[in-house]
Every structure is written in structure tokens, then in C-alpha cells.
Amino acid sequence: MEIKRSSRENVFVRKSFYSFFLPSLLSCLGLAIGGLADCVFVGNTVGAVGLTAISIGQPVYMLFNTISYSLSIGGSIHYANALSEGREADGNRIFANVLRTDLFLNIFLCAMGLLFLPQVLTFLGAGTPGTEVWENCEALVRAQLLLVPVMFCQGPFYYFVNCDNNPKLAAVALVTSNTLDIIFNYVFVVVMDMGVAGSVYSTGLGAAVMILISLTHFLFK
């Protein structure tokens, strides 16, 4: 009995490794490519001030990104384990709890950030209010906070759809999101001259499309 149990655990660990390695790798590549596009388009359009704003706003992005993907990866592991044991109701409950917790934390921190935006910018080192650097940082961070509920709900959808035996759809959703981010980054920042905030709007648009694609998994399952 112990041998069979150990064998099942080894199979689960091996499947979990392959199930999470590729999504994690694609997520990291997507973040790297998106960040590179931001720097290229903003640097060539807005200049050094725009690149300064991106650097100062990066901790805000990474904070929400860490919360979202930590919840998503941890929750999806328990979700996959529940499904492998035939406990679909527990799996659905885990997904709902992760999504609810992610939304609650994001919205709460977003509200606090908008309420204390001047203090946040001062803490991040945006300089003196009214300067060009401060205005660009304010535009960037404000856009990030406003789009937090959309940008950082894509993590749960991506990882849970991948674990729910639909890795192809999860990969399509992620690639589509990153592609749209790059395309509309150019459109918003370079063509429409929306400044540093345009790079955030493009990421939000890509995330919204990713969520819509992921929802088809639940609609047609």
C-alpha cells in the first residue's frame, strides 16, 4: 500500500513540475518582453524622463504581480491535486477563493494607493511635485492603480485553466495578451502620443483580452 501511495505521489509531483515549469517560463518571458517594449517605445518617444517614470513605477507593478502570481501558483497546485483525486467541488472552491482573495487584495491596495498617491510617489523617489518627472510618475502610477483589477486577475485564470487540462488555451491567451501589449504599446505611446500612461493602458488591454479568452474555457466546458 505504501509503495502504491508513493508511486501516486511521484506521478503527481512529476506532472506538477511539467505543468508549472512551462507556464512559469512563459510568464517570465512575457514580463521581460513587455518591459523591454515599454523601455523602447517610451524611451524613444518621451525620453529619459519617461524611462525614469517606468523605473520609479516598477515596484508598484512588481508588488501586485507578486501577490497575484503567488496566489495563483500556490492555489493552482492545490487545485490540480484536488482534481487528480476526483474532488471537483473542492477544486472549484479553491479557484473561487483564490480569485476572490486576489481581487480583494488588489482593490484594497489600489484604493489605498490612489488615496495616498502623493505619499506613495514621494516614497518611491519621484522628486518634487510639479516637476516633469513627478507628473510622468504620477500619470504612470495612477494608470497602474486604476487598471490593477484587470491586469492582475489574469494570473489566476492563466494558471487554473492550464491546470484544468487546457494548457493550449492558456498558452494562446498568454501569447495573445503579450502580442497585443506590444502592438498597442506602439499605438498608444508612439502613434497617439499618450505618454508613459499609454504603456500601462496597452498592458491592461492585453490582460483584458487574456481574461476573455480564458473565460471561454468555463463557458464551453
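The sequence shown begins at -1 in the working numbering and counts up one residue at a time.
Ideal Cβ placement from N, Cα and C applies to all residues, glycine included.
Computed from a predicted structure; not experimentally measured.
Quiz item: Between THR50 and the rest of its own chain, which residues show a CB-CB distance below 6 angstroms, the 5 nearest in sequence each way excluded?
Solution: The count along the sequence shown starts at 1 and reaches residue 50 at position 52. Excluding positions up to five away in sequence, the list reads VAL131.
Quiz item: Hey, is the region 111 to 129 in contact with the region 175 to 185, meaning 3+ C-beta pairs nearer than 8 angstroms?
Solution: no
Quiz item: For VAL96, which option in VAL118, ILE71, PRO116 and MET110 has the closest C-alpha, if you only look at C-alpha atoms?
Solution: Here residue 96 is taken as the residue at index 98 of the sequence shown, counted from 1. The shortest C-alpha separation from VAL96 is found at ILE71.
Exercise. Could you check if ASN42 is buried or exposed, using at least 16 other CB atoms within 10 Å of its CB as the buried criterion?
Key: The residue you call residue 42 lines up with position 44 of the sequence shown. The residue is exposed, with fewer than 16 neighbouring Cβ atoms inside 10 Å.
Quiz item: What does a CB cutoff of less than 7 angstroms around VAL118 pick up in its chain, not counting 5 residues either side in sequence?
Solution: Stepping through the sequence shown from its first residue, residue 118 is reached at position 120. Cβ within range, chain order: GLY111 and VAL139.
Quiz item: Pick from LEU34, LEU27 and GLY55: whose alpha carbon is nearest that of ALA195?
Solution: Position 197 of the sequence shown, counting from 1, holds the residue named residue 195. The candidate whose alpha carbon is nearest that of ALA195 is GLY55.
Quiz item: Any chance the region 88 to 106 sits against the region 63 to 78, with 3 or more Cβ pairs inside 8 angstroms?
Solution: yes
Quiz item: From this set, GLU136, GLU83, MET149 and ASN79, which residue's C-alpha is nearest MET60's C-alpha?
Solution: On the sequence shown, residue 60 is found 62 positions in, with the first residue counted as 1. Checking every option, the nearest Cα to that of MET60 belongs to MET149.
Self-check item: Whole-angstrom distance between ALA205 and THR174, CA atom to CA atom
Solution: On the sequence shown, residue 174 is found 176 positions in, with the first residue counted as 1. On the sequence shown, residue 205 is found 207 positions in, with the first residue counted as 1. Cα-Cα distance, rounded: 9 angstroms.
Quiz item: Between ASP179 and ALA87, what straight-line distance do the alpha-carbon atoms span, to the nearest angstrom?
Solution: The count along the sequence shown starts at 1 and reaches residue 179 at position 181. The count along the sequence shown starts at 1 and reaches residue 87 at position 89. If you take the alpha carbons of ASP179 and ALA87, they lie about 35 angstroms apart.
Self-check item: Whole-angstrom distance between ALA137 and ILE92, CA atom to CA atom
Solution: Translated into the one-based positions of the sequence shown, residue 92 becomes position 94. Translated into the one-based positions of the sequence shown, residue 137 becomes position 139. Taking the straight line from one Cα to the other gives about 36 angstroms.
Practice problem: Please state whether DSSP places GLY196 in a helix, a strand or coil. | Solution: Here the question's residue 196 lines up with position 198 in the sequence shown. In this structure, GLY196 counts as helix in the three-state DSSP scheme.
Quiz item: Are the CB atoms of ILE209 and CYS151 nearer to each other than 8 angstroms?
Solution: Position 211 of the sequence shown, counted from the first residue, corresponds to residue 209. Position 153 of the sequence shown, counted from the first residue, corresponds to residue 151. Their beta carbons are under 8 angstroms apart, which means ILE209 touches CYS151 by this criterion.
Practice problem: Throw me the rounded Cβ distance for the ALA171 and SER197 pair, which I believe falls under 8 angstroms. | Solution: Within the sequence shown, the letter at position 173 stands for residue 171. Within the sequence shown, the letter at position 199 stands for residue 197. About 21 angstroms; that fails the 8 angstroms criterion.
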